[in-house]
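Below: one structure, written as structure tokens.
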Amino acid sequence: MSGHDWGTGDDRMDDLLRSTLHEEAETIMPAGDGLSKIQQQVLRRRRRERWLRPGLAIGSAAAVAAIAVGVYTATNHTNADRSRVITGGGSQTPHPTLSPTPSVVPITNVAFPKHAIFPFTSSADEKSWESGFLSGGHSPWKADPVAVATTWVTAYLQQPTVDQLVSKTVTPAGTAVVTLGRTMTAEQGQTVAVTDVHLVRFGKGWVVVGATDPQNQLKLSGPKAGSLAVSPLSVTGPGFGVDEAVRVQVRDAVSPKSYGEGTTGFGNGTPQWSVNVPFTRPSGRGGALVATMSSAADGGPSRIVA
């Protein structure tokens, strides 16, 4: 036979076998509930496939959300830590340049600082300034502890040469110590620390509450901070050194004005120095008691406490 005849015969044989097998298969039925079980298994498999795909999509979205929250938390924590950095150095900070500080961190004090000196003497003063500051940037230097300390010493205490930032410490609790110094005209022009200005943050502003001697020698023993001042005012402090002199002033809190002063010398084992300071009636209810010592090398201020 030819190849064509073999192909025709094979096709007919295939059709015959297919028909026979199909007829035999239709006569076979699963025993008992076998068919029902097969159908249920198929149905469960299809349902599981339909739910599995959305479940995977939701799980992936949840994982992305968790990662995003983790990144935000880590970033937020990093920013909070940066706001608490304690800095220092000997660079000059001329007014009114503002230094980077943690003042952006919101801090709310329960009460206005009891021994506030400058630039606010009441919570109403700070709130009035804060309103203008938020609306138009009024006196932005009052929101920076270094600028407040520098302005207070150079302009209001009238010590313009004490204008260099020696160091600063700002705490998360809303307190700051700004050490200011000056460049001496003697002693190879070295920079000396003159005063540690202590500040407290209230609202968005910084408030001077006092100043101490960086060398911890010049101190005011009396009167105590916050007490009523009556002219003449008796001022005392512990003695030190050999041949020292101190000038004590009763000054206005928020203007560059002195109402009276007194000077005394001490040293050579003097346990305590004292001086009476007469003063005229101040215009306001609050003021500052300021003691200053001068350098024997060039006559400039060497210590300022308040």
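Residues 1487 to 1792 (the working numbering) are what the sequence shown spells out, left to right. Every residue gets a Cβ at the ideal spot worked out from N, C-alpha and C, and that includes glycine.
Assuming residue i and residue j make a contact with CB atoms under 8 Å, what is their CB distance in whole Å?
i: Gly1689; j: Lys1600; result: Not quite, the Cβ-Cβ distance comes to about 16 Å (not below 8 Å), so this is no contact.
i: Val1693; j: Phe1606; result: 5 Å
i: Ala1641; j: Pro1742; result: 6 Å
i: Asn1762; j: Gly1751; result: Wrong, their Cβ atoms sit about 14 Å apart, outside the cutoff.
Applying the 10 Å Cβ sphere with the 16-neighbour rule, what's the burial state of residue i?
i: His1684; result: buried
i: Ser1788; result: buried
i: Gly1660; result: buried
i: Val1648; result: buried
i: Pro1580; result: Any reading at Pro1580 needs caution, since the residue's pLDDT is 42, under 50, leaving its predicted position unreliable; the model's value is listed next. Pro1580 is exposed by the Cβ-count criterion.
i: Asp1630; result: buried
i: Gln1644; result: exposed
i: Val1716; result: exposed
i: Lys1710; result: exposed
i: Ala1782; result: exposed
i: Gly1618; result: exposed
i: Thr1637; result: buried
i: Gly1622; result: exposed
i: Gly1691; result: buried
i: Glu1453; result: One cannot answer for residue 1453 here, as it falls past the ends of the chain, which runs 1487 to 1792.
i: Leu1719; result: buried
i: Leu1620; result: exposed
i: Gln1650; result: buried
i: Leu1714; result: exposed
Tell me which residues share the same chain as residue i and place their Cβ nearer than 8 Å to its Cβ, disregarding the 5 neighbours each side in the sequence.
i: Leu1538; result: For Leu1538, the predicted model reports a pLDDT of 40, less than 50, meaning its position is unreliable; a value from the coordinates is still stated below. So no residue of the chain qualifies.
i: Pro1646; result: Thr1640
i: Thr1766; result: Ser1717, Tyr1745, Gly1746
i: Thr1756; result: Gly1725
i: Pro1794; result: The question about residue 1794 has no answer here: the residues shown for the chain are numbered 1487 through 1792.
i: His1624; result: Trp1615, Gly1618
Taking 6 Å as the limit between beta carbons, can you name the residues of its chain near residue i, skipping five residues before and five after?
i: Thr1681; result: Leu1666, Ala1697, Ile1790
i: Phe1598; result: Ser1609, Phe1688
i: Ala1671; result: Note that residue 1671 is Thr in the sequence shown here, rather than Ala. These residues qualify, in order along the chain: Asp1784.
i: Gly1574; result: Reliability fails at Gly1574, whose pLDDT of 30 lies under 50, so the model's placement of it is uncertain and the value that follows must be treated cautiously. Once the five neighbours on either side are set aside, the close Cβ partners of Gly1574 are Ser1653.
i: Gln1703; result: Phe1726
i: Ser1760; result: Thr1722
i: Val1686; result: Pro1599, Thr1661, Val1693, Val1695
i: Ile1572; result: Its pLDDT being 27, under 50, Ile1572 is placed unreliably in this model, and the coordinates cannot settle the point.
i: Thr1778; result: Arg1733, Pro1787, Ile1790
i: Glu1730; result: Phe1752, Gly1753
i: Ala1792; result: Gly1696, Ala1697, Ala1774, Val1776
i: Gly1708; result: Thr1722
Which stretch, first to last residue, makes up the beta strand (DSSP E) that contains residue i?
i: Ala1679; result: 1677-1688
i: Trp1759; result: 1758-1763
i: Gly1773; result: 1773-1780
i: Gly1622; result: Counting along the chain, Gly1622 falls outside any beta strand (DSSP E), though it belongs to the alpha helix (DSSP H) covering 1609-1622.
In terms of residue numbering, what span does the alpha helix (DSSP H) encompassing residue i cover?
i: Ser1741; result: Counting along the chain, Ser1741 falls outside any alpha helix (DSSP H), and DSSP gives it neither H nor E.
i: Val1716; result: Run containing Val1716: none; DSSP gives neither H nor E here.
i: Gly1725; result: No alpha helix (DSSP H) contains Gly1725, which DSSP labels as neither H nor E.
i: Val1634; result: 1631-1637
What does residue i pair with, by DSSP beta-bridge criteria?
i: Pro1787; result: Ser1780
i: Phe1604; result: Val1694
i: Gln1735; result: Glu1747, Val1776
i: Phe1598; result: Phe1598 pairs with nothing; no bridge assigned.
i: Val1721; result: Val1761
i: Gly1708; result: Thr1722
i: Glu1730; result: Phe1752
Can you give me the Cβ contacts of residue i inside the same chain, cut-off strictly under 7 Å, excluding the 5 residues immediately before and after it?
i: Val1728; result: Gly1753, Asn1754
i: Ser1780; result: Gly1786, Pro1787, Ser1788
i: Ala1679; result: Val1652, Thr1665, Gly1667, Pro1700
i: Gln1676; result: Met1670
i: Ala1739; result: Ile1603, Phe1604, Thr1607, Gly1770, Gly1772, Gly1773, Ala1774
i: Gly1799; result: One cannot answer for residue 1799 here, as it falls past the ends of the chain, which runs 1487 to 1792.
i: Leu1706; result: Val1721, Gly1723, Leu1775, Ala1777, Val1791
i: Pro1764; result: Ser1717, Pro1718, Gly1746
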